[in-house]
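This report concerns only the one structure given below.
Numbering (our numbering), first residue to last: -11 to 90.
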């Protein structure tokens, strides 16, 4: 259970990061469709340990900063480099969050 703060409002649990077996995706943050108070972070298990740490921190950044905007964040190259300004801003903010956290 997360503390009753603005960051934890309406969230019961963030599942432990799980391996994602899709090469085209570095990571994603997904809300459980059956239980909206539960979120999961997935990461590419083939990435280096350093890359995995950054990806998990990046997805945590999406949770803290952006979870009210979308139901999921899929950080594949197509999404990240789509050229859509709002997506680029969101991704940059998650990168900055991860960099500061680590």
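We put the beta carbon where it would ideally sit given N, CA and C, even for glycine.
Mapping DSSP to helix, strand and coil, what is residue i?
| i | result |
| --- | --- |
| residue 78 | helix |
| residue 89 | helix |
| residue 49 | helix |
| residue 19 | strand |
| residue 44 | helix |
| residue 4 | coil |
What's the gap between the Cα of residue i and the Cα of residue j?
| i | j | result |
| --- | --- | --- |
| residue 36 | residue 42 | 10 Å |
| residue 7 | residue 55 | 21 Å |
| residue 44 | residue 58 | 18 Å |
| residue 80 | residue 38 | 18 Å |
| residue 33 | residue 25 | 25 Å |
| residue 23 | residue 73 | 31 Å |
| residue 21 | residue 31 | 19 Å |
Taking 9 Å as the threshold (C-beta atoms), are residue j and residue i in contact?
| i | j | result |
| --- | --- | --- |
| residue 15 | residue 29 | yes |
| residue 40 | residue 27 | no |
| residue 83 | residue 46 | yes |
| residue 53 | residue 78 | yes |
| residue 51 | residue 89 | no |
So residue i and residue j are in contact, right, with Cβ under 8 Å, and what is the actual spacing, rounded?
| i | j | result |
| --- | --- | --- |
| residue 4 | residue 49 | About 17 Å separates the two Cβ atoms, so there is no contact after all. |
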